[in-house]
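Note that the UniProt record's numbering has the sequence shown beginning at 1, numbered continuously upward.
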Amino acid sequence: MVILSIDYAKKLRQIRKAEGLTQKQFADITGLSLATIRNYESGQKNARAKIVEAVLQVDRFEKYMLWLIKDKTLPVAGQIAPALSLDGSIQSEGDQVSIGITQNHPDQAAMLADSTH
């Protein structure tokens, strides 16, 4: 049996930040308590599988599933990391322009993926 040692707390915080959400907003969307989010983000408690499952049950966050669980992305299938999120704040619009994608033109992500094949 393989045991994965993944820092879910750090990744969940990256997702929340990429989506431009406060801890309270993230709690409201996921159904997790604000205390739970504060506890794992501060390192007081681990972000267990039940927390990850609650986050991934939200359609808005499904795009991070592969990255969250396996640390991989597959943009063609819509599986991205927070830094690739068009609606996030980790990557500035200037950074997105430098790779040919902007918030004003989300369809460019598909075109960019197609052009690499």
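Each residue gets a CB set at the ideal place from its N, CA and C atoms; glycine is no exception.
Remember, it's a predicted structure, so these values are computed and weren't measured experimentally.
What's the C-alpha gap between residue i and residue j?
i            : j            : result
lysine 17    : leucine 68   : 14 Å
glutamine 25 : glutamate 19 : 10 Å
tyrosine 40  : threonine 73 : 24 Å
Please state the DSSP three-state secondary structure of residue i.
i            : result
glutamine 44 : coil
leucine 68   : helix
leucine 56   : helix
leucine 12   : helix
Please return the same chain residues whose Cβ sits closer than 8 Å to the Cβ of residue i, not counting the five positions on each side in sequence.
i          : result
valine 58  : Ile29, Thr30
glycine 88 : For glycine 88, the predicted model reports a pLDDT of 48, less than 50, meaning its position is unreliable and no value from the coordinates is stated.
lysine 45  : Thr36, Asn39
Candidates the options: which alpha carbon is nearest residue i's?
i          : options                    : result
tyrosine 8 : Ala77, Gly78, Val52, Met65 : Val52
leucine 12 : Val76, Gly78, Phe61        : Phe61
glycine 78 : Leu66, Gln14, Lys70        : Leu66
In the DSSP assignment, what are the bridge partners of residue i?
i            : result
leucine 32   : Its beta-bridge partners do not exist; DSSP assigns none.
glutamine 25 : Per DSSP, none; premise fails for glutamine 25.
Which residues in the same chain as residue i place their Cβ atom closer than 7 Å to its Cβ, once the five residues preceding and following it in sequence are excluded?
i             : result
isoleucine 37 : Gln23, Phe26, Ala27
serine 33     : Ala27
alanine 54    : Thr30, Gly31, Leu32
Only counting the same chain, and skipping five residues up and downstream in sequence, which positions put a Cβ closer than 6 Å to that of residue i?
i             : result
isoleucine 80 : Lys63, Thr73
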